[in-house]
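Take a look at the structure below.
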Amino acid sequence: MTTNETASETALLELRGITKAFPGILANDRIGFSIMPHEIHALLGENGAGKSTLVKIIYGVLQADAGEILWQGRPVRVSGPAAARRLGIGMVFQHFSLFEAMTVFENIALAMDGERDNRALRARITTLSKTYGLPLDLDSHVYALSVGERQRIEIVRCLLQNPKLLILDEPTSVLTPQEVERLFETLRQLAREGCAILYISHKLDEVKALCDRATILRAGRTVAECDPKVETARSMAELMIGAKVQPPSRPKASGERAERLSVAGLSLVAESAFGVDLRDLSLSVSGGEILGIAGIAGNGQNELMAALTGERLLPVRPDAIVIDGRPVGSLGPPARRALGAVFVPEERNGHAAIPAMSLAENAFLTAFRRLGLLKHGLMSEAPTRRFAGRIIADYDVRTTGAQADAGSLSGGNMQKFIVGREMLQEPGLLVIAQPTWGVDPGAASAIRQALLDLAANGTAVLVISQDLDEILEICDRVAVISEGKLSEARPVAEITVEEIGLLMGGLHDLAAQAPEGRVERGS
Amino acid sequence: MSGLDWLIPVVLTVITASTPLLLAATGELVTERAGVLNLGVEGMMLVGAIAAFAVASATGSGLLGILAALLAGAAMALVFAVLTISMMANQVASGLALTIFGVGLSALVGASFVGIALDPLPQLSIPGLSAIPVLGPILFGQDLLVYLSFAILAAVAWFLARTRPGLVLKAVGESHDSAHALGYRVIAIRYGATLFGGAMAGLGGAYLSLSYTPMWAENMTAGRGWIALALVVFATWRPGRLLLGAYMFGAITILQLHAQGAGVEIPSQFMSMLPYLATILVLVLISRDSTKIRLNAPACLGKVFRPAR
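Sequence order for the protein chains is A and B. With our numbering applied, the first sequence corresponds to residues 544 to 1066, in that order. With our numbering applied, the second sequence corresponds to residues 108 to 416, in that order.
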């Protein structure tokens, strides 16, 4: 996009001086930039830089306190999401726009106001999801689906409305490399067809590969506009953070290498009709090492996590899971924690933390036994607050203090807090799912560094992640989960991204289609 | 034939005992499905009952009485809606207050109507069909409100399960933030559902004062509003189970009365507990599947919606 073209063409969307204040924080401070038709425009910034607020303003969910929105050169007032959709703005949300207790089809139908013919709509969805390689089981209930599958619903729901501007909030964080490539082809195709795309991501390599232009926000302000093709991922990250980024370093492991967690022949029928059955899973993690489990969302990760944490018990075969030599299959989460295991589930608010409780109270909930925060059956306030304060300081959690509600933190900050809460308990075993999902590069590298340091101190770490780069960066060994089966763990140094991708299953043979062969190849 | 003759009055009384519950509970089901917990059913029923009785005795028209009950119930619900949906007051506290208010208001208005008797609502007999032995009087000899209770329940079941507006209503109860993000008018939809619930509670009250016992007595609902509320929960917000629950409760109420009359050797207090225990037990047993509850319970029930601005 040269300056000449910019001048001769009217911008599809132009923002001028958008300002939005929330109590105690200026989320957007005179933000201005424009998006041209056919353009794939990246919006970059740390967690809490004001990106979410800005896109909510564009989509009409929030109203700006000041500033102007111009759509195809004309000032408009986007009074609500319906108005945004009428203009031709579509949005793929990162959170909070699906209905858990409803089916995939109902979720899509709810966004398709004008379309009342269910059969025709089903046909359109099927065609579209085939065209763009986004397979959906229309009659599954959303609560039983993984984050990745949910994101597919969001994308399909949006594309069905033939938008002129498509806003995507971290769409690739849950896809395999092959899926990401396929999605990018889709997005490039959409851009060629005239649809502009506003792309929010923390994955700067992807921004480089996909986007024509990037606007960078920091602390609510536009700090730079750049051409991602020219910049390096490092230079963009530094623009976002306003400081140098350190790549994680592997400290030398010390301490014993005894086996801390062993899973042998774990089979588990899924609780819900739409879950994935675990089939004969085996793995072993020793102190001082990090084992990564890669895989596309919805291939049994949630079920494996539930079995490991003790949220689902194995009364028949308690010895399928052994922590420090003790069969724990019939023990619940508190008993497993008492053995020195800690867990960080994928869902931050509502699973790992209670949004309506303060950070101190949330810190107390998992740490009170190991850290002795319970006195005579009561919470010892001062030590609990000190512990929460230590997490906030050590893990750079941006918040007003230990008394802030967990729900008031942004996703990335909450993740730092939860990771900190578990790590500061000096566990013998850490099981963590999606450690840096939706976390900005600065915070993500801090979390990864903390995982490496923890392992170096002798803790056994099991990372379940869909982010391959992350697994390759921090893990010693990697196994791939697919259709509830786990491949044999192999040293990261001896496996290629392509091999892992094949194990995970490419875009064309997702889910139901012949997973057997894939698993065999790996084992 | 004579062997079945005793059955007809029993079934007829079962229907009369179940209808007010079914009417009020159907309304509350819709209200709760939209995410609003209105504990004021008892109060709305009472106000509906006195409104129906007052208008019917003044005009001599049962139909006008029914209309008055609908409006009175909806007006009560409107007070609740303004407090909880617009002014974001706590729904539990406001609902309890609404019940207390309804008890008092109906007693005040009804003071001058105590002791007056009224002709019950006419039975809509269908010549020929109503003369069929046994089935005739049961199926074709009821009054308007009994038929209405079934028709409305069927319409609600169809609306919720099959129509797009029904889907939107459930969406609002499931996640008001998501519904808002999609551009649905959460507040307007909740107002509508709450007013419908109030009108239906009023209708349940009208059945009591126009048909069940065509007279006015203070507090004549005698806790039926609370039973209706409980039925909605134990029926896991499903219309079919609501019908089953309402009729089980009605049937056991009547059967234990007959059993007490026949001099069964069980203390009457235990017999009186029976409808509550049996209904709760049966509904809990058939609804114990946690997945089903999760699919039907409105996740935002009782939560205050604060739209982001």
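Note that beta-carbon positions come from the ideal geometry of N, C-alpha and C, so glycine has one too. From a predicted model like this one, the values you see are computed outputs, not experimental measurements.
Excluding the five sequence neighbours on either side, which residues of its own chain have a C-beta within less than 7 Å of the C-beta of residue i, listed in chain order?
i	result
Asp862(A)	Pro870 and Gly872
Met544(A)	At Met544(A) the pLDDT is 41, less than 50, meaning the model places this residue with poor confidence; the figure from the coordinates comes in the next sentence. Taken in chain order, the residues that qualify are Met579, Glu582, Asp755 and Arg756.
Thr715(A)	Val723, Leu726, Ser744, Lys746 and Glu749
Ala976(A)	Gln844, Met848, Val887, Pro888, Glu889 and Ile1007
Ala159(B)	Gly172, Ile173, Ala175, Ala176, Gly312, Ala313, Ser316 and Leu317
Gly1073(A)	In this structure chain A extends from 544 to 1066, so residue 1073(A) is not present and cannot be described.
Leu997(A)	Met966, Leu973 and Val1004
Pro321(B)	Ala224, Leu225, Asp226 and Pro227
Among residues of its own chain, excluding the 5 on either side of residue i, which ones have a beta-carbon nearer than 8 Å to its beta-carbon?
i	result
Lys105(B)	One cannot answer for residue 105(B) here, as it falls past the ends of chain B, which runs 108 to 416.
Ala607(A)	Ile561, Thr562, Lys563, Asn571 and Ile600
Ala925(A)	none
Ile897(A)	Glu904, Asn905, Leu908 and Ala949
Go ahead and pull the three-state DSSP assignment for residue i.
i	result
Val887(A)	strand
Phe642(A)	coil
Cys407(B)	coil
Thr60(B)	No information on residue 60(B) is available, as it lies outside the stretch 108 to 416 that chain B covers here.
Asn892(A)	strand
Arg880(A)	helix
Ala306(B)	helix
Arg860(A)	coil
Gly808(A)	strand
Asn547(A)	Any reading at Asn547(A) is ruled out, since the residue's pLDDT is 42, under 50, leaving its predicted position unreliable.
Leu1045(A)	helix
So the beta strand (DSSP E) residue i belongs to, where does it begin and stop?
i	result
Asn571(A)	Ile568 to Ile578
Thr852(A)	Not the beta strand (DSSP E): Thr852(A) falls in the alpha helix (DSSP H), residues Gln844 to Thr852.
Ser201(B)	Taken as a continuous stretch (DSSP letters only), Ser201(B) belongs to no beta strand (DSSP E), being part of the alpha helix (DSSP H) at Gln198 to Gly217.
Ala565(A)	In the sequence as presented, Ala is not what sits at residue 565(A); that position holds Phe. That run of the beta strand (DSSP E) goes Leu556 to Phe565.
Ser825(A)	Leu821 to Ser829
Ile223(B)	Segment: none, Ile223(B) is in no beta strand (DSSP E) and carries neither H nor E.
Ser1025(A)	Arg1020 to Ser1025
Ala739(A)	Ala739 to Ile743
Hey, is residue i's beta-carbon within less than 8 Å of any beta-carbon in chain E?
i	result
Arg140(B)	In the structure shown, chain E does not exist; the protein chains are A and B.
Which residue comes first and which comes last in the alpha helix (DSSP H) that contains residue i?
i	result
Gly155(B)	Val148 to Thr166
Ala335(B)	Arg331 to Phe341
Arg933(A)	Glu924 to Asp937
Trp614(A)	Per DSSP, Trp614(A) belongs to no alpha helix (DSSP H); it is in the beta strand (DSSP E), Ala609 to Trp614.
Thr669(A)	Asn661 to Thr674
Asp996(A)	Pro984 to Ala999
Going by beta carbon distance, what residues of the same chain come within less than 6 Å of residue i, once the five residues before and after it are set aside?
i	result
His365(B)	none
Gln367(B)	Ser375 and Met378
Arg822(A)	Ser810, Gly1027 and Lys1028
Leu171(B)	Val162
Gly217(B)	Ile157 and Trp323
Val619(A)	Ile612
Met922(A)	Phe907
Gly835(A)	Val1006, Ile1014, Cys1018 and Val1021
Quick check: residue i and residue j, are their CB atoms within less than 8 Å of each other?
i	j	result
Gly875(A)	Leu760(A)	no
Val221(B)	Leu136(B)	no
Ala342(B)	Gly352(B)	yes
Ala837(A)	Leu1011(A)	yes
Gly150(B)	Thr206(B)	yes
Leu252(B)	Ala204(B)	no
Arg880(A)	Arg855(A)	no
Ser640(A)	Ala288(B)	yes
Leu703(A)	Ile668(A)	yes
Gly827(A)	Ser805(A)	Contrary to the premise, residue 827(A) reads as Ser rather than Gly in this sequence. Contact flag set, yes.
Tyr742(A)	Leu586(A)	yes
Glu139(B)	Trp344(B)	yes
Ser285(B)	Leu129(B)	no
Ile359(B)	Thr386(B)	yes
Scan the stretch 662-685 of chain A for residues whose Cβ lies nearer than 8 Å to a Cβ of chain B and list them as they occur along the chain. So the list reads His684, given in the order they occur along the chain.
Contact residues within the stretch 638-660 of chain A, judged by C-beta distance below 7 Å to chain B: Within the stretch 638-660 of chain A, the residues whose Cβ lies closer than 7 Å to some Cβ of chain B are Phe639, Ser640, Leu641, Phe642, Glu643, Ala644, Met645, Glu649, Ala652, Leu653, Ala654 and Arg659, listed in chain order.
Determine which residues of the stretch 612-632 of chain A have a Cβ less than 9 Å from any Cβ of chain B, and write them out in chain order. For the stretch 612-632 of chain A, the set of positions with a beta-carbon nearer than 9 Å to some beta-carbon of chain B reads Gly623, Pro624, Ala625, Ala626, Ala627 and Arg628 in chain order.
So if I threshold CB-CB distances at 8 Å, which residues from the stretch 255-275 of chain B count as touching chain A? For the stretch 255-275 of chain B, the beta-carbon criterion of a distance under 8 Å to any beta-carbon of chain A is satisfied by Arg271, Leu274 and Val275.
Within 7 Å of chain A by C-beta, residues of the stretch 395-414 of chain B in sequence order: Residues Thr398, Arg401, Leu402 and Ala406.
Give me the subset of the stretch 598-610 of chain A whose CB atoms are less than 7 Å from a CB atom of chain B, sorted by chain position. Closer than 7 Å at the C-beta level to chain B, one finds these residues of the stretch 598-610 of chain A: Val604, Leu605 and Gln606.
What residues from the stretch 345-362 of chain B come within 7 Å of chain A, judged by C-beta to C-beta, listed N to C? Those would be none; no residue qualifies.
Please name the residues in the stretch 944-961 of chain A whose beta-carbon is closer than 7 Å to at least one beta-carbon of chain B, in chain order. Look at the stretch 944-961 of chain A: it has no residue with a C-beta under 7 Å from a C-beta of chain B.
Quick one: which residues of the stretch 135-165 of chain B get their C-beta closer than 8 Å to a C-beta of chain A? List them in chain order. Listed in chain order, the positions of the stretch 135-165 of chain B with a beta carbon within less than 8 Å of a beta carbon of chain A would be empty, since no residue qualifies.
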